[in-house]
Each structure stands twice: as C-alpha cells, then as structure tokens.
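Protein chains in written order, with our numbering: chain E, 8 to 102; chain L, 10 to 631.
Glycine included, C-beta positions come from ideal geometry on N, C-alpha and C.
Written out below as structure tokens is the structure these notes cover.
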Amino acid sequence: MTTTEVIKLLSIRLQISQAEARRCLLQELEIISTHMNAESQVVLRRFGTFGVKQTAARKTYLPSEKKYYITPARTVPFFRAAQGLKDFVKSWKPE
Amino acid sequence: MKRLYDKALMEQIAKVYGNEMTFLSEFSKALLDIIREGLIRDGQVRLHQFGTFKLKWMESRSGVNPSSGNKILIQGRPRVIFTPAKRLKEVVEPNPLPRVPWSETDRDSVNQAKISVPAVSLTAQTDKVNTVLSAIPVVAAVKVAQAAEEQADSPVNDELIAELSTDTDDQLLSESDKILLAENNEADDQTDKTETVIADINDEIKVLEQVAEILKNESVTNNAEKVTVGHADYLEDAAVKRTDSFQAFKDRNQKNSLAPALEEKDLAWNDQSVVDHIKKLSERHAFNSPEKSEKASPKFATPEIIVRTDTRSALYETSDAKTDQDLDKELNSVSKLNADPLETDERQNYRKPWFALAAVAIVLLAIGSLMNIFTAPTDHQAAGTQAVTESALETSDTQTQQAALAVEEQEGVIPEQESVLTQTDEVLQTNTDSAEKVIDTELAGFTTDQPAVVETEELTESGQFVAENDALTDQTTELNLESANQLKQIETIESTFFTARDYRLINGDSLWRLAKKYYVNPFYWPHIYQANHNSINNPDRVKIGKLVLLPTMYGEPDALTKQDKHNIATGYYYNYLYHKERGNPYAYFSLIGVEKFDADLLIEYKDEIARSDIKNLSLLSE
Numbered sequence: 008m009t010t011t012e013v014i015k016l017l018s019i020r021l022q023i024s025q026a027e028a029r030r031c032l033l034q035e036l037e038i039i040s041t042h043m044n045a046e047s048q049v050v051l052r053r054f055g056t057f058g059v060k061q062t063a064a065r066k067t068y069l070p071s072e073k074k075y076y077i078t079p080a081r082t083v084p085f086f087r088a089a090q091g092l093k094d095f096v097k098s099w100k101p102e
Numbered sequence: 010m011k012r013l014y015d016k017a018l019m020e021q022i023a024k025v026y027g028n029e030m031t032f033l034s035e036f037s038k039a040l041l042d043i044i045r046e047g048l049i050r051d052g053q054v055r056l057h058q059f060g061t062f063k064l065k066w067m068e069s070r071s072g073v074n075p076s077s078g079n080k081i082l083i084q085g086r087p088r089v090i091f092t093p094a095k096r097l098k099e100v101v102e103p104n105p106l107p108r109v110p111w112s113e114t115d116r117d118s119v120n121q122a123k124i125s126v127p128a129v130s131l132t133a134q135t136d137k138v139n140t141v142l143s144a145i146p147v148v149a150a151v152k153v154a155q156a157a158e159e160q161a162d163s164p165v166n167d168e169l170i171a172e173l174s175t176d177t178d179d180q181l182l183s184e185s186d187k188i189l190l191a192e193n194n195e196a197d198d199q200t201d202k203t204e205t206v207i208a209d210i211n212d213e214i215k216v217l218e219q220v221a222e223i224l225k226n227e228s229v230t231n232n233a234e235k236v237t238v239g240h241a242d243y244l245e246d247a248a249v250k251r252t253d254s255f256q257a258f259k260d261r262n263q264k265n266s267l268a269p270a271l272e273e274k275d276l277a278w279n280d281q282s283v284v285d286h287i288k289k290l291s292e293r294h295a296f297n298s299p300e301k302s303e304k305a306s307p308k309f310a311t312p313e314i315i316v317r318t319d320t321r322s323a324l325y326e327t328s329d330a331k332t333d334q335d336l337d338k339e340l341n342s343v344s345k346l347n348a349d350p351l352e353t354d355e356r357q358n359y360r361k362p363w364f365a366l367a368a369v370a371i372v373l374l375a376i377g378s379l380m381n382i383f384t385a386p387t388d389h390q391a392a393g394t395q396a397v398t399e400s401a402l403e404t405s406d407t408q409t410q411q412a413a414l415a416v417e418e419q420e421g422v423i424p425e426q427e428s429v430l431t432q433t434d435e436v437l438q439t440n441t442d443s444a445e446k447v448i449d450t451e452l453a454g455f456t457t458d459q460p461a462v463v464e465t466e467e468l469t470e471s472g473q474f475v476a477e478n479d480a481l482t483d484q485t486t487e488l489n490l491e492s493a494n495q496l497k498q499i500e501t502i503e504s505t506f507f508t509a510r511d512y513r514l515i516n517g518d519s520l521w522r523l524a525k526k527y528y529v530n531p532f533y534w535p536h537i538y539q540a541n542h543n544s545i546n547n548p549d550r551v552k553i554g555k556l557v558l559l560p561t562m563y564g565e566p567d568a569l570t571k572q573d574k575h576n577i578a579t580g581y582y583y584n585y586l587y588h589k590e591r592g593n594p595y596a597y598f599s600l601i602g603v604e605k606f607d608a609d610l611l612i613e614y615k616d617e618i619a620r621s622d623i624k625n626l627s628l629l630s631e
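Quick look at the structure:
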C-alpha cells in the first residue's frame, strides 16, 4: 500500500476530497516528525510509539571504495509497535 | 521525557493548522485503521517522505524456559518493522557529522597509550624531583626569616622574636609568622643584609639542583638496590623466625609434657638407624652419580662367584670333589639354588615368569579370537551373540510351554495335510487325461493365436476338473491358514510379538535396520527412537557401543495394536521436533507418519506444530 492509495481510502471513508485528505495526512505526519526529539516522543494508542534513539560510533566498510570508515554517533528515529497492533497482525502469514 | 498522546497530538495540529478537533480525531482513527488493514493486506505500507511499515515473519525456534530450564518451541510470528525515510532522518538530525576514513593512527594512538605506561612512571620520578625543586623557595623563605631574626630589633614584636629565636633549629615556622617577619623586614629596610642572604640562598639552590640531577640519574638504580636489600632483610628475618620457632618448640615441650625437656643434642642425628638410612641414601645417590654410572650396572652383570682361598680348604673337606674345577662347578650349582635373589640379581630372576605368563596370555587370546572368527564369521557373529542374549532372556516358563505347544500342533497338522495331498494326487491321477488336455490348450493359447472357438469347446469339459482341483488346493491352504491363526492367537493372547530387551549397537547398525530385523517393517523405526529419545540425540546417526532399549511390540507387524501405533506416531513426532529445531524445511514429512499411525496425536499436538507445516501436510494428504 502506498501514500496515494491511503489518500484515496481516506477520502472515501471520511467523504472529503483527495486534496484535503492529502493535506491532513501531511500535516499529521509533519507534527509527528517534529515531535520526535530527545525531549519528546509521540505515543498513539493501540498503534505504537514514534521516538528517537542514539546509535554509537562504529567502524564501517565501503565495498565500493574498499576502505574503512568511522561513522560517528547519530540520533535515529524508531517506531515500537504497541500490543494492540501486534495482536491485530497476529493472523498474518507470508505467502 | 515528554510523551505526546493522541489527544495532545490533535491539539498540536489544531494549534498549528487551525483544524477542528472532532475532524482530526476521526481522521487519525481512519488513518491508523487504513495502515493496519494495509499491513494485513499487502504486508507493507509506504508513506511518502515519512517511512515504511513492514511485516516480517519470525520463524519458530527452540527456546529455554528460564524458570524451569525446559526446552520449549517458540512459535513463528509476524513482527512490525518501521524503516524511516531519508527526510525523517534529516528532520531528526539536521546536520549529522560526516564519516571519517579509518586510519592506522587511530589504532596507534591507542597503542601509544598502552606503551606509555612505563614512561608515565619515569615522569613520576621527574615529578618527584620537581617537587624537591619547588620546595626550595619555602626553604629560602625560612632562611630569610632566620636572617631577619639575627638582624632585626623591632620594638613591636620583641616577645615574638624571642620565642622564634629559640625555635630556629627546628626551622618550623607558620605562614602567619613568616608574614610578620617579612613586614618587620620591610619596616626596618635592611636591604644589604637580605641581599647577602639571597646570594647564599642561590648557592644552596645550585647545590640542590645538582642533587636533583643526581637523583634523576640514579632513580632507576636505587630501586634495584632496594630489592636486594629487601631480600637480605627477608632472609635475616627468616633465620630469626626459625630460631624463634625452635625455642618455642622447646618451651612448649617443657610446659605441656611430663617427659624431660628436649635438648638440641636429642634432636640431632644420633640414632644408629638414622645413620644407616643416611648411608643407604648416599649409596643410592652415588650409584646415580656420573662417576659410578660408567661401570657396568648390576642389571646386565653376569653372576660371578669368587671363592676365597681361606674357605676353599674347608670346602674340600665337606665335598667329594678333588679338583678345583669340580669344586667350582659344584659351588656354582649350589650357589645358584641357594642364592639370595637380592644379592645376585633381582630382576633377572623375577622377570622370566612374567614374560612367560604374558606370552601365554597373548597366544591364548590370539587362539580365542581365531576360533571365534572360524566359528561365526563376520555377519553371523553378531547374530550369534544376539541369539545367546535372546536365549538368556527367554527364561520364562510360559514361553517354553508355548514353543512346545506350537511344535505339537505343527506335528498334528502335518499328517492331515499329507492325507489331503494324497487325496489330491489320486484325483489328479484319475483325471490325468483331462489335465493334459487343459495344459495343451493353455500352451496353445500362449504360443499361437488360435481361434477362441477351439478353446471354449475343450474348456467346457476341462473347466469342471480345474474347478475341483482349485477347491482341493483351497482346502489345503485353508487348513494351513487355520493352523497359523491358531498359533497367532496363542501368541497374541499370552505373549507379545516382541518382548522388550536391551541391545548394544554394533558397527553398521541403524534404527531403520534394527526395525527391519526385529519388527519386520523398517518403517517402524520410530518405535525404537520413541523409547530412547532421551539418550539418542540424532536419530539418523547412532553411535557404536550405545545401549538401546528395543521396546515391546504387542501386535504382529501386519496387525499392530493401538498402543503400538501410538508409540510409533510419537516417535515420528519426536523426529519432527528434532528436525524442526535444526531448521530442516522438510521436517513436516515426519508428520505424515504421525498422521498415518495415530491421527489423534496430531490433533493433540496441533498447537505446538507450526502452522505452515500443517498447511503443507494438508496439501500432501489431499
């Protein structure tokens, strides 16, 4: 499922135009992404939490250049699924 | 950390973009529902410039229950994974540090830190010297104070200076006193005196610097000297302690025992036995020493008897021999018999019987092994040994009785069969002509393609006879079957098809072959694995010399009882678990065995079996 499909479904369910659905979607995602900091994180009930975590500096290898690099420590976004989502997805099986 | 829940998020959106709260809550609900449904439908939902939600299947694996320590099968389950988009990463960390190429200097810096440990100790020594040098101004201040005392006659602090003058030798002055003295000096303006004092101090500083240099050079050597000195001290201490301990021992004896007090004379090696012991030890030591080892060792020396001239005359009187040679011979023979083994040679006398015994034992073993090989060659050897064990186990009276009964019945059956056969022979003899005809027709039918009309004419006549013959043969077979059934009934009622016993695995054994040998059908091998699944790790590879229980089989191989089927099915289930743990994709093949032998077991363990395997099984069974 892609963003366009999500927008179409939203427009059908909420009986709004696709442009409006798109605008609302982007607004929500924008607010979520801005609140993913070291100070705050977004918790959506029965879905999951959006937050940020720290990764340590590490030694990496670039096969194209055949060289080793030191990648510095970074803050990376993460998503932790809630129990409700886990239960919802339980019945899923790969084809 | 601040957590933004659903409502707070909606409020934030409303604050920034000015939307209605009711609409936003509906919208967010709908959005999350769509994402959930999309995950179930496609397995992934991609949100542009935000990230993708993905489902990943985690395979079932074996785990350990930490509370009980038992092995458990953790079932496979999907897992939600979120991979953030590039833009989201940028939003979270706008200006990340670039990656730096790895250089060997990073490693060298670490190594230098390691190597510089002794260097640090050297610097510590230099620091010591520096502290000494830094102490010089303090000393100078003290000197200044002393000089000031001599010259100063201030009216303000006469009493104080009188006190200080007494403590000049100690050179211990508080800071407050120094300050006071300095003030006095300033007040008096005795500059000439102080200049001379400072010159003296400079000379002293030079001397101290020289001392510091000497210390710097000899700081390393001083440590070594200290070590030696310390060692000497330790030795001295030990000597003192030893003497003390002896004194303490003497005192203790005097105090605690009623016996007279021990003296040093008593403790010395005065006993004769002790002296002898020391002598023996010294001799042994001498034997091992390089000077005496050059000589021929008594191990290889031939026993020689040298008769002294003094005793020879006495011996002539007792013995019959007249010449020296005869006497020597006689003496040798006598001496060999009466010779002390310790005197002549210990090992030469005592070795021979051991060698002989060992040789005899080896020969006997070789003969024994050869005999075994000739009597029971290769494959039959194992069977022979097994037969012996079987006979040993079958000691119960019931079984012997059964065997006797079986023999009697077989004897009783045989004459009946013979009579029947004779009857059939007679009938056949009477109908030889017809039989010949039948054979001819059959041959003709096989060899040449004759028209069917000819056959039918003759078959109408011969068909009756053939039918009669068939009936007779049927009778014989029926009788045989009846007797066999009787035997079966006796066996099934009173005993089992195979009674349980232990079996030690030999070269070339496998569970498949054992099942083929003892349970007729090799597909019953899980019956053995089920009984030994705790001891056997890998059912496909069993080790030689392992003791295995061959469990009882109640029913015949053709007609298994319910218990047998259940056992075999459990064996197949254990086999499934073994292969599933190791991630064998074809582990579910063994579930076919479970389904075939005991379908109820499959239902019982349905929850523990992976869903994909059940699906595969259902596909196969359909």
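Could you tell me which chain E residues have their CB closer than 7 Å to the CB of residue i, listed as they occur along the chain?
i	result
I43/L	V13, L16, L17
E35/L	L21
L82/L	The premise fails here: L82/L is roughly 17 Å from chain E at the closest Cβ pair, so nothing lies under 7 Å.
K11/L	E46, S47
D3/L	What is shown of chain L runs 10 to 631, which leaves residue 3/L out entirely.
Helix, strand or coil: which one does DSSP assign to residue i?
i	result
R52/E	coil
R88/L	strand
L82/L	strand
R550/L	coil
P84/E	strand
L13/L	strand
S627/L	helix
S621/L	helix
L514/L	coil
K98/L	helix
K555/L	coil
S77/L	coil
In the DSSP assignment, what are the bridge partners of residue i?
i	result
M562/L	F507/L
G60/L	L56/L, P93/L
T78/E	R65/E
W99/E	W99/E pairs with nothing; no bridge assigned.
V59/E	P84/E
K65/L	R88/L
S47/E	K11/L
At which residues does the alpha helix (DSSP H) containing residue i begin and terminate?
i	result
R108/L	Note, R108/L: premise wrong, no alpha helix (DSSP H); not H, not E.
Q53/L	Counting along the chain, Q53/L falls outside any alpha helix (DSSP H), though it belongs to the beta strand (DSSP E) covering 53-56.
F95/E	90-96
L21/E	10-21
E520/L	Reading off the sequence shown, one finds Leu at residue 520/L, where the question assumed Glu. From DSSP, the alpha helix (DSSP H) with L520/L extends over 520-527.
S599/L	598-606
I38/E	25-41
Over what stretch of residues does the beta strand (DSSP E) that includes residue i continue unbroken?
i	result
S71/L	70-73
Y582/L	Per DSSP, Y582/L belongs to no beta strand (DSSP E); it is in the alpha helix (DSSP H), 571-590.
L69/E	65-69
I537/L	Run containing I537/L: none in the beta strand (DSSP E); it sits in the alpha helix (DSSP H), 535-540.
Residues of chain E with a CB under 9 Å from the CB of residue i: which are they?
i	result
P594/L	In chain order: nothing, as chain E lies at least about 14 Å away.
Q21/L	I38, T41, H42
R50/L	M8
A619/L	Those within 9 Å of A619/L in chain E number zero; the least Cβ separation is about 11 Å.
Since residue i meets chain L, which of its residues come closer than 7 Å, beta carbon to beta carbon?
i	result
A88/E	V89
K73/E	The premise fails here: K73/E is roughly 12 Å from chain L at the closest Cβ pair, so nothing lies under 7 Å.
P84/E	P93, L97, K98, V101
P101/E	W66
P70/E	In chain order: nothing, as chain L lies at least about 14 Å away.
Check the C-beta distance from residue i over to residue j and give it rounded, since I have them as a contact under 8 Å.
i	j	result
Y581/L	V551/L	That belief does not hold up - the Cβ atoms of Y581/L and V551/L are roughly 17 Å apart, past 8 Å.
V557/L	Y587/L	The pair is not a contact, with the Cβ atoms about 16 Å apart (cut-off 8 Å).
R55/L	M8/E	7 Å
Y528/L	F507/L	7 Å
V109/L	Y76/E	7 Å
Since residue i meets chain L, which of its residues come closer than 9 Å, beta carbon to beta carbon?
i	result
S24/E	Result: empty, since nearest Cβ-Cβ is about 13 Å, beyond 9 Å.
So which residues of chain E does residue i contact, with C-beta pairs closer than 8 Å?
i	result
G47/L	M8, E12, V13
Which chain L residues sit within Cβ distance under 8 Å of residue i?
i	result
Q61/E	Correct list: empty, because the minimum Cβ distance to chain L is about 10 Å.
Is any heavy atom in the ligand ZN found nearer than 6 Å to the beta carbon of residue i?
i	result
P566/L	The ligand ZN is not among the ligands present in this structure, which contains no ligands whatsoever.
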